[in-house]
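Reading through the structure tokens given below for one structure.
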Ligand SMILES: N[C@@H](CCC(=O)N[C@@H](CS)C(=O)NCC(=O)O)C(=O)O
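Residue numbers (the numbering used here): 15 to 246.
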């Protein structure tokens with residue numbers, strides 16, 4: 015059986031990481047038998063990140079590579095889509111994973127109210143005596159990454175405006191159909207829905223959390239994805 019190495023559930027989500035939820039959706043949709051194995055520390059993993067899929071041959075890092083591996087085994091996550099829809103789908107995935115994701119990380123790690131909750135949730139495996147200094151240094155390196163990526167150089171208002179443009183694009187698809195590309199979930203949903211779900215699950219009412227949580231179109235969509243897969 016395939017084993018998906020992922021971060022544990024957090025804030026009511028199947029996993030604290032939207033990429034781990036995406037990988038779980040892909041596995042469910044592929045029809046392959048799989049099990050989860052929770053990990054708190056990814057440092058021994060090939061990319062020092064999660065998710066990672068343990069296949070019969072090797073440890074496969076990265077949700078996109080996991081997708082490719084499952085497709086090579088015969089899975090078709092975009093069944094029935096036209097080339098244009100496949101192109102739109104790829105663009106939505108990149109928007110979610112390479113833009114919205116950093117807004118989420120900023121909202122979680124860059125907010126002084128969220129941080130203590132995050133620390134006690136994500137680092138519960140670190141002995142309490144050394145948790146303070148260790149997590150302080152991890153946070154510092156995440157914030158350095160956000161600075162390098164550029165997201166933290168925008169003001170909160172500017173960040174929200176940038177998110178708003180993405181949400182407008184996502185909503186345009188959802189006005190037309192229950193899932194992004196039609197009446198059933200496809201690959202774009204496996205990336206976009208977990209990102210929105212994670213944003214609305216942030217355990218403090220930040221402007222970003224509130225923006226998603228108060229949007230009926232988006233929360234209904236996230237709920238539909240939850241119902242479609244019922245991840246455990
Ligand atoms: N491109 C990767 C991204 C995975 C990713 O960023 N995982 C984050 C959690 S959401 C992680 O493990 N970060 C740990 C680190 O960077 O130290 C994928 O699609 O799987």
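Quick reminder that beta carbons are idealized off the backbone N, C-alpha and C, glycines included.
Asked                                                                                         : Found
Coarse secondary structure for residue 200, derived from DSSP in three states                 : coil
Exposed unless 16 or more other CB atoms sit within 10 angstroms - verdict on residue 189     : exposed
Heavy atom of ligand 1 within 7 Å of residue 78 beta-carbon                                   : yes
Backbone secondary structure at residue 195 - three-state DSSP                                : coil
Same chain, Cβ closer than 7 Å to residue 28, neighbours up to 5 away in sequence not counted : 35, 38, 245
From 24, 26, 32, residue whose alpha carbon lies closest to that of residue 205               : 32
N- and C-terminal bounds of the beta strand (DSSP E) containing residue 68                    : 66 to 68
Through-space distance from residue 168 to residue 99, alpha-carbon basis                     : 32 Å
Proximity test, residue 62 beta-carbon vs ligand 3 heavy atom, cut-off 7 Å                    : Ligands present in the displayed structure are limited to ligand 1, and ligand 3 is not among them.
Straight-line gap, residue 58 to residue 19 (C-alpha atoms, nearest Å)                        : 12 Å
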